[in-house]
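Accompanying notes for the structure given below.
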Amino acid sequence: MPSIIIRLALRYISRRLFQSAMFAVGVALGVAVVVAIDIANVSASRAFTLSSESLVGRATHQIIGGPNGFDSNLYAHVRIALGIKRSAPVLTEFVRVAGGDQALRLLGVDPLAEPPFRSYLADESEEVDYGALNRLIAEPGAVVISDALAGRMGLSIESEIQISAGGRFSPARVVGILTPADSASRQALDDLIICDIASAQEIVGLSGRLSRIDLILEDGEIDALSAALPAGVQLVDVKEENALDQMIAAFELNLQAMSFLALVVGLFLIYNTVTFSVVQRRGALGIMRSLGATRGLIFRFILLEAFILGIIGAALGLALGIIFGRGTVALVSQTISDLYFSVDVQRISVPPLTLLKGAAIGLGASLLAAAIPSFDATRTPPAGVMRRSDEEEAARRLLPLTTAGAILLNLLGLLLLLAPEGLALSFAALMCIIVGGALLTPVALILLMRLLLPVAAALFGVLGRLAARSITRSLSRTSVAVAALTIAVSVIVGVSVMIGSFRGAVADWLRASLGAQIYVSPPLFASNNASVDVEMRVKEIALSAPGVKAVSSARHVTVIAPDFPELPPVNLLASDFDIAGDNRSFKWSRVSVAEHQAALDDGLVMVSESFAFRRGLDESNNRITLNTDRGPREFEVFGVYYDYSTDQGVVYMARSVYDRYFDDPFISSLGVFTEAEADIGTVIAELRARLVDFDLLAQDNASLRAGALEVFDRTFAITIALRLLTTLVAFIGILSALMALQLEHAREYGLMRASGMTAPQLTGYAIIQTGLMGLVAGLLALPIGVVTSLVLTHVINQRSFGWTMGFSLQPSVFVEALLVALAAALLAGAYPAFFLGRLKPADALRSE
């Protein structure tokens, strides 16, 4: 018996290629989106992990200091006085090479101390290039790079380059090119420039300073070393990657949730396809039941078809996912670099677990969506299976059940939203609300068609009346297709409104926060997490320029908050005075806006909203401890301000307070205030002329805001791609449903033609029908989309990133949603309408 079932299933699939293709495509696109997002997340994480491991090597612990590192004499003390031989000094900084805009990592090391930690100078045969090693030690400015980096930049041995660090250009010479032994090593070394530590100190302008000391320690050495360290430095376990994983966890979860929406739409498509295959074969199934086929046999037969097509769709989806993943990696890695830390993904990673997960999701979705129509086919008696009307009667009998299910799902979603925390629960709630709204489609379709019937009749006459009635008469087909399109369009509405609200909040924040007319900083090639050292004398040069009224320097660094070891280092911003002034907006503050600069000068700090969110700070719990060059110091928080620069948050302090606790002579950027009568363009030209010897960028306020909004738009490029894919799946669902209707009602269409309806009229009838379906989907999507945007803006965004923002409805989004729904439905209807126009009455009316 099983062999008969398999033969029947394969025969049906081969004879119904279009329907089979629709099924497989629904599975494939859903799987492809999930796999592509997974590949992008894994590839970006792996690239940064490899890059971090290339810096850390086999170290178990590190001695780290403040933003400006610490005195290099500490290394001699640790190695000689304390006797810790497995130790290596390191100086690292983000740099770039003149003529390029890629963020590179300069790694200054002592080549003689490196072997226990890293083996950079070994080639493919693991043999050390002693020539490069000797030159690295002996020649000032000698550097070694990987073959991949050399290839991208057109460099070879003896090539001379200019390295920019903190606005300074320093000459360097390539004395060695590394050929990594494997792909992992190649990725790890891809963005590294390696040099002797003395050369690194010269390049970055930190003579006699180190970023850290790498150590390989036994358990018995840890406490003794920690106790022997001076104030301002500390011993830490090498767990940076864990904190960075937490940093991007919410971002990755948001992408995964978006990808699953495409899969949900695919479920509707699969359900529609399997349901149609059952109805199309009602005669054959009835004969099988009459000849003795059991209900279990029928159930297994239909599920087997779904399983076979699920395998095909999943396999196709895995292949498409890998292809989509290549493009998605670029979008995801760019977003991570903009928001979190610099990551350069040269190769995609396709873990077996990702492929296994994609295949399991595809097969599971196929069987889940096919289970209901398969079960319906088994519980109808043999004679009943052969009646088409049973399907519509069953669909109408299920209306109270589906409506009740929709209400219950929405209530469940509301209850999940009321849970105090949990990002995954928030996405589950959103999914309940979206699917619950889609389950209201059948009853909404009936009600809206009653309202639209007179309108359609007035506009299109008899054809409009027939088209409107045919939609409700074939509810089992049309409702599923409309539901799929409704979900896709509601996602467009929800995400578009959320992005619009967010963009408006960011634009308002930029206008309020960027109070200076001109900004001077190194080119924005590095990530949000990179600190760049600019000489203090740049401030004096800028202040002396004609037309300049005042200059506020800012220092962006990262420091450790010992009370929160599980979180990434703290972003600390110190400035001469707050350039936002009275325009800064606070969530809460213990002092008036006019007094907040005085509070900063008195040693208090203010923190951004996301910083307070991640560390549970409020008006009663308002103290934060930071590690400084003078040891741990506690600071009182007088207020929490709104800020969208980073979801990890910022601690803001006065530069005068910063100088008390940190030995750091550098700045990171300048805010330049001009005289009222000064021409901004002229002042910028003067600043550029005076700073020509520095690798610095001077730009006006408007350009900086435009650049920030460009980063914002780039951040959401991936969600736009996901919305398009979701709409594509829904488009295929509409096409599948319309083709099903055409085949089912072929005899009815034949009667219409035989009764005098012309071919153009029949084509118009089909177009009106699809247009009405698209209109209903668009109208249903609007309220669901608004609720979706509310959840995204006020719940998921808050729990993911800790940001509060306003909510604004943009009329253009609603118009766009209706147009997308109509366009998708009309385009999907063009194909079946074309064939209806060529229908021959004799062929349609022919029977056995």
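One point on numbering: in this note's numbering, the residue at position 701 of the sequence shown is 1085, and numbering is uninterrupted.
Idealized CB from N, CA, C, for every residue including glycine.
Quiz item: Which term fits residue 976, buried or exposed, when burial requires 16 or more other beta carbons within 10 angstroms of its beta carbon?
Solution: exposed
Quiz item: In terms of residue numbering, what span does the beta strand (DSSP E) encompassing residue 853 cover?
Solution: Where residue 853 is concerned, there is no enclosing beta strand (DSSP E), although the alpha helix (DSSP H) it sits in stretches over 846-857.
Self-check item: Alpha carbon of residue 685 to alpha carbon of residue 393, nearest angstrom
Solution: 7 angstroms
Quiz item: What do you reckon, are the CB atoms on residue 936 and residue 963 nearer than 9 angstroms?
Solution: Cβ atoms of residue 936 and residue 963: closer than 9 angstroms.
Practice problem: Report the rounded CA-to-CA distance for residue 675 versus residue 669, giving the unit in angstroms. | Solution: For the pair residue 675 and residue 669, the Cα-to-Cα distance works out to about 10 angstroms.
Quiz item: Cα separation between residue 868 and residue 750?
Solution: 16 angstroms
Practice problem: Give the range of the beta strand (DSSP E) segment to which residue 971 is assigned. | Solution: 970-973
Quiz item: Does the separation of the CB atoms of residue 1115 and residue 1214 fall below 9 angstroms?
Solution: Annotated as distal: residue 1115 and residue 1214, with beta-carbon spacing of 9 angstroms or more.
Quiz item: Among 1149, 1201 and 1163, which residue has its Cα nearest to the Cα of residue 1216?
Solution: Here the closest residue by C-alpha is 1149.
Quiz item: Do the CB positions of residue 1173 and residue 807 come within less than 9 angstroms of each other?
Solution: no
Quiz prompt | DSSP-derived helix/strand/coil call for residue 455 | solution = Strand at residue 455.
Quiz prompt | Reference residue 852; option with closest CA among 1222, 946 and 1158 | solution = 1158
Quiz item: Taking contact to mean at least 3 C-beta pairs separated by less than 8 angstroms, is the segment 410-424 in contact with the segment 1001-1016?
Solution: Using a C-beta cut-off of 8 angstroms, the segment 410-424 makes no contact with the segment 1001-1016, since fewer than three inter-stretch Cβ pairs fall below that distance.
Self-check item: Check whether residue 1212 and residue 870 have beta carbons under 9 angstroms apart
Solution: no
Quiz item: In chain order, what residues of the same chain have a beta carbon less than 6 angstroms from the beta carbon of residue 1219, not counting five sequence neighbours either side?
Solution: none
Quiz item: If you compare alpha carbons, which of 541, 1176, 471 and 866 is closest to residue 1205?
Solution: Minimum Cα-Cα distance from residue 1205 among the listed residues 541, 1176, 471 and 866 corresponds to 866.
Quiz prompt | Length of the line joining the Cα atoms of residue 826 and residue 1089 | solution = Taking the CA atoms as reference points, residue 826 sits about 47 angstroms from residue 1089.
Quiz item: By DSSP, does residue 510 sit in helix, in strand, or in coil?
Solution: In this predicted model, residue 510 has a pLDDT of only 46, less than 50, meaning its place in the structure is not dependable; the value taken from the coordinates is given anyway. Residue state for residue 510 is assigned as coil, using DSSP reduced to three classes.
Quiz prompt | Residues that residue 1099 bridges to, as DSSP identifies them | solution = DSSP links residue 1099 through a beta bridge to no other residue.
Quiz item: What do you reckon, are the CB atoms on residue 491 and residue 521 nearer than 9 angstroms?
Solution: no
Practice problem: Just the C-alpha distance for residue 499 and residue 1057, rounded to the nearest angstrom, thanks. | Solution: Spanning the two alpha carbons is a distance of roughly 51 angstroms.
Self-check item: Inter-residue Cα distance where the pair is residue 1190 and residue 882
Solution: 10 angstroms
Practice problem: Look up residue 446 in the DSSP assignment and say whether it is helix, strand or coil. | Solution: strand
Quiz item: Are the Cβ atoms of residue 1040 and residue 985 separated by less than 9 angstroms?
Solution: yes
Practice problem: Measure how close the beta-carbons of residue 967 and residue 899 come, nearest whole angstrom, since I'm counting them as under 8 angstroms. | Solution: 6 angstroms
Quiz prompt | C-beta contact flag for residue 1036 and residue 959 at 9 angstroms | solution = Yes, the Cβ-Cβ distance between residue 1036 and residue 959 is below 9 angstroms.
Practice problem: Evaluate residue 954 with the Cβ neighbour count: other Cβ atoms within 10 Å of its Cβ, from every protein chain shown; 16 or more gives buried, anything less gives exposed. | Solution: buried
Quiz item: Helix, strand or coil: which one does DSSP assign to residue 1214?
Solution: helix
Quiz prompt | Straight-line Cα distance separating residue 854 from residue 861 | solution = If I take the Cα positions, the gap works out to 11 angstroms.
Quiz prompt | Contact belief for residue 969 with residue 1045 at Cβ below 8 angstroms, rounded distance in angstroms | solution = With a Cβ gap of about 28 angstroms, residue 969 and residue 1045 do not count as contacting.
Practice problem: Confirm, please, whether the CB-CB distance from residue 1200 to residue 885 is below 9 angstroms. | Solution: no
Exercise. Note down the Cα distance separating residue 981 from residue 989, rounded to an integer number of angstroms.
Key: 10 angstroms
Quiz item: Can you tell which of 992, 536 and 578 has its C-alpha closest to the C-alpha of residue 526?
Solution: 578
Quiz item: If you drop the 5 nearest sequence neighbours on each side, which residues of the same chain put their C-beta closer than 8 angstroms to that of residue 1012?
Solution: 450, 616, 943, 1045 and 1046
Quiz item: So what's residue 1219 in DSSP terms, helix, strand or just coil?
Solution: helix
Quiz item: Given a threshold of 16 other Cβ atoms within 10 Å of its Cβ, counted over all protein chains shown, does residue 575 qualify as buried or as exposed?
Solution: Result: buried.
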